[in-house]
Amino acid sequence: MNKKSVKDVVVKGQRCLVRVDFNVPMKDGVITDETRINGALPTIKYLVDNGAKVILCSHMGKPHNILTEGFGLTKKEKKAVEALPESEQAAAKAEYLKKALKDKEKFTLRPVAEKLSEKLGIPVKFATDVVGASADEAVASIKDGEVVLLENTRFMAGEEKRDEALCKKLASYCDIYVNDAFGTAHRSHATTAAIAEYGFVKTAVCGFLIEKELSVMADSLENPVRPFVAVLGGAKVADKLKVISNLLEKCDTLIIGGGMAYTFLKAKGYEVGTSLVDDEKIEYCKEMMQKAQDLGKNLYLPVDATIVDSFPNPIDAEIPYSVCGIDAIPADKMALDIGPATQALYTDAVKSAKTVIWNGPMGVFENPIFAKGTMAVAKALAETEATTIIGGGDSAAAVTQLGYADKMTHISTGGGASLELFEGKKLPGIECLNDKD
Ligand code: ADP
Ligand code: MG
Numbered sequence: 002m003n004k005k006s007v008k009d010v011v012v013k014g015q016r017c018l019v020r021v022d023f024n025v026p027m028k029d030g031v032i033t034d035e036t037r038i039n040g041a042l043p044t045i046k047y048l049v050d051n052g053a054k055v056i057l058c059s060h061m062g063k064p065h066n067i068l069t070e071g072f073g074l075t076k077k078e079k080k081a082v083e084a085l086p087e088s089e090q091a092a093a094k095a096e097y098l099k100k101a102l103k104d105k106e107k108f109t110l111r112p113v114a115e116k117l118s119e120k121l122g123i124p125v126k127f128a129t130d131v132v133g134a135s136a137d138e139a140v141a142s143i144k145d146g147e148v149v150l151l152e153n154t155r156f157m158a159g160e161e162k163r164d165e166a167l168c169k170k171l172a173s174y175c176d177i178y179v180n181d182a183f184g185t186a187h188r189s190h191a192t193t194a195a196i197a198e199y200g201f202v203k204t205a206v207c208g209f210l211i212e213k214e215l216s217v218m219a220d221s222l223e224n225p226v227r228p229f230v231a232v233l234g235g236a237k238v239a240d241k242l243k244v245i246s247n248l249l250e251k252c253d254t255l256i257i258g259g260g261m262a263y264t265f266l267k268a269k270g271y272e273v274g275t276s277l278v279d280d281e282k283i284e285y286c287k288e289m290m291q292k293a294q295d296l297g298k299n300l301y302l303p304v305d306a307t308i309v310d311s312f313p314n315p316i317d318a319e320i321p322y323s324v325c326g327i328d329a330i331p332a333d334k335m336a337l338d339i340g341p342a343t344q345a346l347y348t349d350a351v352k353s354a355k356t357v358i359w360n361g362p363m364g365v366f367e368n369p370i371f372a373k374g375t376m377a378v379a380k381a382l383a384e385t386e387a388t389t390i391i392g393g394g395d396s397a398a399a400v401t402q403l404g405y406a407d408k409m410t411h412i413s414t415g416g417g418a419s420l421e422l423f424e425g426k427k428l429p430g431i432e433c434l435n436d437k438d
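The numbering of the sequence shown is my numbering, which starts it at 2 and goes up by one.
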């Protein structure tokens with residue numbers, strides 16, 4: 002990695018504004034998964050232990066922006082209210098306001114401050130705003146080795162809009178900007194990139210989570226130990242166009258499963274019945290198959306499938322199914338998983354690799370009947386000595402759910418960010434940081 006980390010700068014006595022990813026799932030004010038908090042701990046502990054003044058910030062969820070708008074309505078809502086007859090305006094305004102206040106309760110980071118305090122074993126002061134009086138006071142009184150958490154940055158409309166005034170104000174809180182939020186590194190928002198891009202903070206470095214994500218994923222993509230096998234699945238071809246194209250260039254073998262396989266199979270002339278197909282992407286699939294051939298890369302597609310009459314409703318309903326060869330899918334059936342012959346083929350390919358990256362389940366894994374393909378691939382990855390990297394999102398959830406999490410070299414904490422890395426894109430949250438000397 003050519004970017005500076007917290008270890009490359011003197012942090013003692015310095016006010017460090019640390020952008021973390023505390024976008025944790027919550028139910029009724031209780032945190033239901035602490036993975037992201039745990040992911041940020043090494044950097045926070047390092048800064049505390051080394052006498053920094055630690056000011057944390059993060060977004061959570063998609064709240065209504067309530068702190069900037071005087072009476073709690075967005076500009077769009079204000080317009081909607083103004084468009085109403087005068088007699089109805091007050092009631093409409095009250096409705097919107099109710100929603101805004103509910104969001105404030107629902108998306109507050111206060112429970113995270115409490116959980117973090119527990120984990121660190123020291124008090125974590127919570128500021129009830131992002132750049133208001135509460136944050137001002139907390140930052141002004143912070144001492145070396147202390148920790149403050151600011152309120153949800155998305156309570157400010159300026160966060161997603163890269164507002165300069167917001168960036169400037171946040172920059173005034175710190176001497177060093179630290180980005181450790183890999184999950185939002187592909188976003189270009191005020192606290193994820195703009196604050197450093199605008200030059201308001203001169204020292205901008207990464208934390209250990211970003212350093213680890215990048216060193217494992219970017220290095221494996223650029224300098225893989227070969228053979229390098231990439232396994233791609235998930236719902237639609239359209240979601241992963243650039244990923245397919247970029248990975249074909251980097252890997253030795255590209256394995257395709259999941260819903261996206263059927264567009265490829267249709268492009269090859271197979272009957273795929275009522276399976277998920279992106280009709281507009283058939284030409285693209287043909288191009289990719291040609292590209293694989295031109296580059297001398299292996300491209301694996303399913304050779305058999307688990308088929309049903311129609312999509313299960315609810316998704317995990319127990320429904321009748323059968324298995325058939327890929328050249329025998331009836332016109333009125335739908336393929337929801339790779340079959341046993343494909344599982345064996347993909348397992349062998351994974352076992353021959355020295356580096357494997359995986360993104361996207363092989364079937365509708367939410368239903369145990371159609372999770373077998375995903376399980377087989379997960380097991381192959383768990384059992385191999387190769388470097389194994391899971392690119393976040395549903396695949397990470399599947400691996401964790403199947404109990405293989407600790408068998409993988411690396412499970413990315415950022416689905417969207419890891420996909421953009423796999424696309425070969427530069428991430429704004431990383432580009433904005435200081436280069437190593
Ligand atoms: P990831 O989050 O790992 O990138 P995606 O979001 O692209 O993965 O895709 C996951 C979704 O794809 C799952 O909800 C799964 O049910 C769906 N899926 C997988 N295989 C099929 C299939 N054959 N038909 C329809 N949907 C599928
Ligand atoms: Mg997904």
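Cβ atoms here follow ideal geometry from the backbone N, Cα and C, with glycine treated the same way.
Only counting the same chain, and skipping five residues up and downstream in sequence, which positions put a Cβ closer than 7 Å to that of F366?
A372, T375 and A399
Verify the contact flag: G415, CB atom, against every heavy atom of ligand 2, threshold strictly below 7 Å.
no
Spatial neighbours of K287 within its chain, please: C-beta separation below 6 Å, excluding the five flanking residues on both sides.
A268
Taking the beta strand (DSSP E) that Y178 falls in, what are its first and last residues?
I177 to N180
First and last residue of the uninterrupted alpha helix (DSSP H) at F265
A262 to A268
Candidates L171, I370 and T109: closest to A318 by CA position
I370
Enumerate in chain order the residues of its own chain whose CB-to-CB distance from F72 is below 8 Å, with the five nearest sequence positions on each side excluded.
Any reading at F72 is ruled out, since the residue's pLDDT is 49, under 50, leaving its predicted position unreliable.
Across the segment 404 to 413 and the segment 224 to 238, are there enough close Cβ pairs to call them in contact, namely three or more that are closer than 8 Å?
no
Could you check whether the Cβ of D395 sits closer than 7 Å to any heavy atom belonging to ligand 2?
yes
Going by C-alpha to C-alpha distance, which of E386, A191 and A219 sits closest to R163?
A191
Go through the segment 318 to 396 residue by residue and report every complete run of the beta strand (DSSP E) that reaches 3 residues or more, in order.
323 to 326, 335 to 339, 356 to 360 and 388 to 391
In angstroms, rounded to a whole number, what distance separates the CA positions of A128 and S88?
39 Å
Please report how far the alpha carbon of K77 lies from the alpha carbon of L167, in whole angstroms.
21 Å
Go through the segment 199 to 258 residue by residue and report every complete run of the alpha helix (DSSP H) that reaches 4 residues or more, in order.
209 to 223 and 242 to 251
Burial state of K144 (16 or more Cβ within 10 Å)
exposed
F127 - containing beta strand (DSSP E), residue span
V125 to F127
Any chance you could list the beta strand (DSSP E) runs of at least 3 consecutive residues sitting entirely within the segment 78 to 108, in chain order?
none
Measure the beta-carbon distance from N299 to T254 and round it to whole angstroms, keeping in mind my assumption that it falls under 8 Å.
4 Å
With three or more beta-carbon pairs closer than 8 Å as the criterion, would you say the segment 206 to 214 touches the segment 37 to 49?
yes
Nearest neighbour of P303, chosen from P321, G340, E284 and G274 [CA to CA]
G340
Give me, in chain order, the residues of the same chain whose beta-carbon lies closer than 6 Å to that of D310; leave out the 5 immediate sequence neighbours on both sides.
none
Give a single yes or no on whether D305 has its beta carbon closer than 7 Å to a heavy atom of ligand 1.
no
What is the residue span of the beta strand (DSSP E) that R20 lies within?
R16 to R20
Helix, strand or coil: how does DSSP classify Y301 here?
strand
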